[in-house]
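Chains A and B, in that order, are what the protein sequence lines are.
Just so we're aligned, residue -8 is where the first sequence starts under our numbering, counting upward by one.
Just so we're aligned, residue 77 is where the second sequence starts under our numbering, counting upward by one.
See structure below.
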Amino acid sequence: MDVLEKLTILTDAAKYDAACTSSGGTRTAKKGYLGNTSTSTAGCCHTFSADGRCVTLLKVLLTNRCVYDCKYCVNRRSNETKRAAFTPEELADLTIQFYRRNYIEGLFLSSGVFRSPDYTTELMIRALSLLRERYRFNGYIHAKAIPGTSPELVERLGFLADRLSVNIELPSEAGLNSLAPDKTKRAILAPMRQIQTRNRQSREELVKYRHAPRFAPAGQSTQLIVGATRDTDFHILRLTQGLYDRYSLKRVFYSAYVPVVEHALLPAKDVKPPLLREHRLYQADWLLRFYGFRAEELLDENNQDFDTRVDPKCSWALAHLDFFPVEVNTAAYETLLRIPGVGVTSARRILSARRVGPLHIDNLKKLGVVMKRAQYFLTASGKMAEGLRFTPDSLLRGLIAAERPLLPQQEAVQLSLFDQTESA
Amino acid sequence: MKRLLAMEIFYYYDGSFDGFLSCVFDSYAHKEIPAGFFSGEDGICTLFDSRTVSTDPDHAVRVLRKVAALSPEAAVLLRRGFLTCLPEKELYLFRLTAKLLREGPGFLHNRSDETLFPVIRAVQHLNGEVHLLKGFVRFSDLGGVLGGEIEPKNRVLPVLGGHFAARFHNERFFLYDRTHKEALFHVPGRSVIRPLADFRMAPPDEVEARYRLLWKRFYDTIAIKERENPRLRMNNMPKRYWGTMTEFQGEDWFKPRSSPGAASIPGAPDGRSAPGTLPPPGPSAPGSGP
Ligand code: SF4
Chain A
-8 MDVLEKLTIL TDAAKYDAAC TSSGGTRTAK KGYLGNTSTS TAGCCHTFSA DGRCVTLLKV
52 LLTNRCVYDC KYCVNRRSNE TKRAAFTPEE LADLTIQFYR RNYIEGLFLS SGVFRSPDYT
112 TELMIRALSL LRERYRFNGY IHAKAIPGTS PELVERLGFL ADRLSVNIEL PSEAGLNSLA
172 PDKTKRAILA PMRQIQTRNR QSREELVKYR HAPRFAPAGQ STQLIVGATR DTDFHILRLT
232 QGLYDRYSLK RVFYSAYVPV VEHALLPAKD VKPPLLREHR LYQADWLLRF YGFRAEELLD
292 ENNQDFDTRV DPKCSWALAH LDFFPVEVNT AAYETLLRIP GVGVTSARRI LSARRVGPLH
352 IDNLKKLGVV MKRAQYFLTA SGKMAEGLRF TPDSLLRGLI AAERPLLPQQ EAVQLSLFDQ
412 TESA
Chain B
77 MKRLLAMEIF YYYDGSFDGF LSCVFDSYAH KEIPAGFFSG EDGICTLFDS RTVSTDPDHA
137 VRVLRKVAAL SPEAAVLLRR GFLTCLPEKE LYLFRLTAKL LREGPGFLHN RSDETLFPVI
197 RAVQHLNGEV HLLKGFVRFS DLGGVLGGEI EPKNRVLPVL GGHFAARFHN ERFFLYDRTH
257 KEALFHVPGR SVIRPLADFR MAPPDEVEAR YRLLWKRFYD TIAIKERENP RLRMNNMPKR
317 YWGTMTEFQG EDWFKPRSSP GAASIPGAPD GRSAPGTLPP PGPSAPGSGP
């Protein structure tokens, strides 16, 4: 089989993994080496695929052969599909030649479980060693640690890759038991803990010895599938929070389940992927990481799923109207961050600008505040936006209208479907 | 410096950054505020008073030092601002400099300041374009030398060049800016930017055509059909960038030329088509390129 056909099969089999960023890279250019990862903290998109998603890395499987039988996965052993495997040489060559042409920022290597987790990981290590040693590749590498791999091999993988990830996929143990019978919660969490510990140790060593080898310097991430099981948003968000708190994850990715296989325990094949729900989870995830929110503030036992009509931050604001309006000239940074329409950047700009002189409503737009949303929740020098009148009802409608044009097309379509069911 | 007197006077200069700084110097020397700046082919308008400023590196350094001493950020803003496509950028940058010299750097903390805001917005537009192009630039391997083309609105090459020179510092490459008709040439250890009036990429050899095809296939395969979303793609990657990106080219882009050296390239600056040769520098660029 030629490389073009292998690439087609192994890209197709890898595309449902959402993780595709290069952020957190810290390799600066080195003499005699190819590449760096110092682009920017925001990550660098090299193109956007037809589904509008950022493509940063050459995202492929080493092989789609798999001895496991996860029900939701196209590569599961019982599925009849064409199988292929890259040789480590082919993979290294593709990565280097794509990188030189600036098609990609690096490699994202995942794999089905070929023979055993250890055997597969050894093949991955061969490919990555070729890249790092023979080709002196200094760009970004994200590698998948396969649950059940022995700690020694995870260790070696971590010294070759910038980021490691272990995908949890199913947000609950019940889901795992029924849909991924070969995987256990323990087998998933063990390498996550190991990566966390080694990453911390390696950073401590780096402080002492400048040339100490670095273990997964860009940390680890994971992915949760949304919509394959009945787990609620509250459940998923609390799991996420636990992962950030206890496993120091850099990112949690959410992937709206695309029904690729027919199975009694899974949504039927004609069910649309829950893109709006995925979108809301990403918004909430952002609030956990950068805005000082806790999962329990956004959802609770009585409200287990996000309001589809407005984003989680507006939702919170609507439930806490007594917190507002916030006076932008005096409020603390943390308080500014709670205003819908004020982000991390605009909050910092407000702090900086108000030192020069008192701020008025007219200044705020230029500081990056999204006034369509923020106007209901703030005052500047004691005044609200001129002529603004609203009731709780018109406030909600205003917020819905303000977000609608910003929603990616399909999410907006899903939203209008909700409108119909509600008015019906 | 002393107060400037308002007068309807227009400045002519050579269009370089040093030239602009020399204009600032002269305006203080003559105690006048230029009402507009012209450079290059914008013919001289005789209706108004005008002054032709000759570029003086010494004057330029003195102005920039003064600015940097008051605020290093302002110096960066001037440099970057000068690369933007902001209409009448010189006027905006002049006002910013004058305000800085008059009032000190305090106002720079307030982004909504009316003198600062247009410059910051233009520089952000430039930075945004640089950021996107770091990803969207496509190189072709022309027998060992990498070559690429871009069509930016702002003059991004000086900023973008640094990024690629670091990333590919062992490679030999060039990057042609179609809009501003200039090219960046890089050999290990050295980069230069030179004007280049015309340039066409040579057709690919077998190996290059193969990698183009592999990339196109990867691109077409990675999209999830059930999530197709043309509007989101367009928002993230405006169409004006597509013209130079491998994955959006027509069939011909993926066809290798029939036999090496046989095809002559229409429009190539000197008709040479052998892979591995850099396009020769324009006439005004002695010694550029490897
Ligand atoms: S282990 Fe499970 S999820 Fe991974 S490739 Fe095999 S079947 Fe798919």
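For every residue, glycine included, the Cβ atom is placed at its ideal position computed from N, Cα and C.
*Starting from the Cα of R303/B, find the closest Cα among T19/A, T(-1)/A, S40/A and give me that residue.*
The count along the second sequence starts at 1 and reaches residue 303/B at position 227. Minimum Cα distance to R303/B is reached at S40/A.
_Between L(-2)/A and chain B, is the shortest Cβ-Cβ distance under 7 Å, so that the two count as touching?_
As a working mapping, residue -2/A is identified with position 7 in the first sequence. Yes, because at least one Cβ of chain B sits closer than 7 Å to the Cβ of L(-2)/A.
*Helix, strand or coil: which one does DSSP assign to P110/B?*
Position 34 of the second sequence, counted from the start, is the residue given in the question as residue 110/B. Three-state result, P110/B: strand.
*asked:* Considering only the alpha carbon of each residue, which of T54/A, A365/A, L119/A lies closest to L312/A?
replied: Here residue 312/A corresponds to residue number 321 of the first sequence, with the count starting at 1. It is A365/A whose Cα lies nearest to the Cα of L312/A.
*Please list the residues of the segment 116 to 135 of chain A that have a C-beta atom closer than 7 Å to any C-beta atom in chain B, keeping them in chain order.*
For chain B, none of the residues of the segment 116 to 135 of chain A brings a beta carbon within less than 7 Å of one of its beta carbons.
*Which residue spans inside the segment 194 to 246 of chain A form an unbroken alpha helix (DSSP H) run of at least 4?*
224 to 238
_Cβ-Cβ distance between Q235/A and Q187/A below 7 Å_ = Within the first sequence, numbered from 1, the residue matching residue 235/A stands at position 244. Within the first sequence, numbered from 1, the residue matching residue 187/A stands at position 196. It is worth fixing the name first, because residue 235/A is Tyr in this sequence and not Gln. No, the pair does not count as a contact, with Cβ atoms beyond the cut-off.
*Measuring only between beta-carbons, confirm whether H37/A sits less than 7 Å from chain B.*
As a working mapping, residue 37/A is identified with position 46 in the first sequence. True, the Cβ-Cβ gap to chain B drops below 7 Å.
*Considering only the beta carbon of each residue, do A111/B and E149/B sit closer than 7 Å?*
The residue you call residue 111/B lines up with position 35 of the second sequence. The residue you call residue 149/B lines up with position 73 of the second sequence. No. Outside cutoff.
*Would you say C61/A and R68/A are within 7 Å of each other, going by their C-beta atoms?*
Locating residue 61/A in the first sequence gives position 70, where the first residue counts as 1. Locating residue 68/A in the first sequence gives position 77, where the first residue counts as 1. It is not a contact, given that the beta carbons lie outside the stated cut-off.
*asked:* So if I threshold CB-CB distances at 8 Å, which residues from the segment 328 to 347 of chain A count as touching chain B?
replied: R340, S343, A344, R346, V347
*Less than 8 Å between the CB atoms is what I'm expecting for M183/A and V157/A, so what's the real figure, rounded?*
Residue numbering aside, residue 183/A sits at position 192 when the first sequence is read from its first letter. Residue numbering aside, residue 157/A sits at position 166 when the first sequence is read from its first letter. Between V157/A and M183/A the Cβ distance is about 5 Å, and since that is below 8 Å, they are a contact.
*H185/B touches chain A at which residues, Cβ-Cβ below 7 Å?*
Residue 185/B sits at position 109 when you count from the first residue of the second sequence. Those are S343, A344, R346, V347, listed as they occur along chain A.
*At a cut-off of 6 Å, is Y7/A close to the ligand SF4 when judged by its beta-carbon and the heavy atoms of the ligand?*
In the first sequence, residue 7/A corresponds to position 16, counting from 1. Every heavy atom of the ligand SF4 is 6 Å or more from the Cβ of Y7/A, so no.
*Leaving out five residues before and five after T112/A in sequence, what residues of the same chain have Cβ atoms less than 7 Å from its Cβ?*
On the first sequence, residue 112/A is found 121 positions in, with the first residue counted as 1. For T112/A, where only same-chain residues beyond five positions count, the Cβ hits under 7 Å are I137, T140, L144, L148.
*On the three-state DSSP scale, how would you describe G319/B?*
For the purposes of this step, residue 319/B is taken as the residue at position 243 of the second sequence. Here G319/B sits in helix by DSSP.
*Are L1/A and L52/A touching if we call contact CB-CB under 7 Å?*
On the first sequence, position 10 is the one that residue 1/A refers to. On the first sequence, position 61 is the one that residue 52/A refers to. Cβ atoms of L1/A and L52/A: closer than 7 Å.
*So which residues on chain A does G157/B lean against when the C-beta distance must stay under 7 Å?*
Counting from one through the second sequence, the residue named residue 157/B turns up at place 81. Within 7 Å Cβ-Cβ: nothing; G157/B doesn't reach chain A, min ~17 Å.
*asked:* Helix, strand or coil, according to DSSP, for H256/B in the structure here?
replied: The residue given as residue 256/B occupies position 180 in the second sequence. Correct three-state label for H256/B: coil.
*Using the C-alpha atoms, what's the distance from H254/A back to S107/A?*
As a first step, residue 107/A is located in the first sequence; it is residue number 116 there, counting from the start. As a first step, residue 254/A is located in the first sequence; it is residue number 263 there, counting from the start. Computed Cα separation, rounded: 25 Å.
*Considering A136/B, what are the terminal residues of the alpha helix (DSSP H) in which it resides?*
On the second sequence, position 60 is the one that residue 136/B refers to. From DSSP, the alpha helix (DSSP H) with A136/B extends over 133 to 146.
*Please check if any C-beta of chain A sits within less than 7 Å of the C-beta of T160/B.*
Numbered from 1 along the second sequence, position 84 holds the residue referred to as residue 160/B. It does not; no Cβ of chain A falls within 7 Å.
*Would you identify the three-state DSSP class for Y324/A, choosing helix, strand or coil?*
Residue mapping note: residue 324/A aligns to position 333 of the first sequence, counting from 1. DSSP, reduced to helix, strand and coil, places Y324/A within a helical segment of the structure shown.
_Assuming the contact rule is C-beta atoms closer than 8 Å, F101/B and H135/B should be a hit. Round their C-beta distance to whole Å, please._
Translated into the one-based positions of the second sequence, residue 101/B becomes position 25. Translated into the one-based positions of the second sequence, residue 135/B becomes position 59. Their Cβ separation, rounded to whole angstroms, is 4 Å, which keeps F101/B and H135/B in contact under 8 Å.
*Does DSSP put H133/A in a helix, a strand or coil?*
As a working note, residue 133/A is residue 142 in the first sequence. It is a strand residue.
*On the premise that A393/A lies in contact with V319/A, defined as a C-beta separation below 8 Å, what is that separation, rounded to the nearest angstrom?*
Sequence index remark: in the first sequence, residue 319/A carries index 328 (1-based). Sequence index remark: in the first sequence, residue 393/A carries index 402 (1-based). Contact between V319/A and A393/A is ruled out by a C-beta separation of about 19 Å, above the 8 Å threshold.
*Between M375/A and L260/B, what straight-line distance do the alpha-carbon atoms span, to the nearest angstrom?*
The residue you call residue 375/A lines up with position 384 of the first sequence. The residue you call residue 260/B lines up with position 184 of the second sequence. Their Cα atoms are separated by approximately 51 Å.
*In whole angstroms, what separates the C-alpha of S212/A from that of R242/A?*
Along the first sequence, one-based indexing puts residue 212/A at 221. Along the first sequence, one-based indexing puts residue 242/A at 251. So the alpha carbons of these two residues sit roughly 5 Å apart.
*Which residue spans inside the segment 25 to 87 of chain A form an unbroken beta strand (DSSP E) run of at least 3?*
With a minimum length of 3 residues, the continuous beta strand (DSSP E) runs that stay inside the segment 25 to 87 of chain A are 48 to 52.
*What separation, rounded to the nearest whole angstrom, lies between the Cα atoms of Y7/A and Y248/A?*
Position 16 of the first sequence, counting from 1, holds the residue named residue 7/A. Position 257 of the first sequence, counting from 1, holds the residue named residue 248/A. When rounded, the distance between both Cα atoms is 9 Å.
*Look at the alpha carbon of E160/A and the alpha carbon of I216/A, and state the distance between them as a whole number of angstroms.*
Residue 160/A sits at position 169 when you count from the first residue of the first sequence. Residue 216/A sits at position 225 when you count from the first residue of the first sequence. Approximately 5 Å, taken between the alpha carbons.
*For chain A, find out if any of its Cβ atoms is closer than 7 Å to the Cβ of I298/B; answer yes or no.*
Residue mapping note: residue 298/B aligns to position 222 of the second sequence, counting from 1. Taking Cβ atoms only, chain A reaches closer than 7 Å to I298/B, which makes this a yes.
*May I ask you to report which of helix, strand or coil DSSP gives P303/A?*
To locate residue 303/A, count along the first sequence from 1; it is residue 312. Of the three classes helix, strand and coil, the one that applies to P303/A here is helix, per DSSP.
_For the ligand SF4, I want to know if Y418/A counts as a neighbour, meaning its beta carbon is within less than 6 Å of at least one of the ligand's heavy atoms._
Residue 418/A is absent from the model: chain A starts at -8 and stops at 415.
_Whole-angstrom distance between R333/B and A339/B, CA atom to CA atom_ = Position 263 of the second sequence, counted from the start, is the residue given in the question as residue 339/B. Position 257 of the second sequence, counted from the start, is the residue given in the question as residue 333/B. Caution is warranted here: a pLDDT of 42 is assigned to A339/B, below 50, making its placement in the model unreliable, and no coordinate value can be reported.
*Write down the C-beta distance between S216/B and G237/B rounded to the nearest angstrom, noting that I regard them as a contact closer than 8 Å.*
Taking the first residue of the second sequence as position 1, residue 216/B is located at position 140. Taking the first residue of the second sequence as position 1, residue 237/B is located at position 161. 18 Å between Cβ atoms; not a contact.
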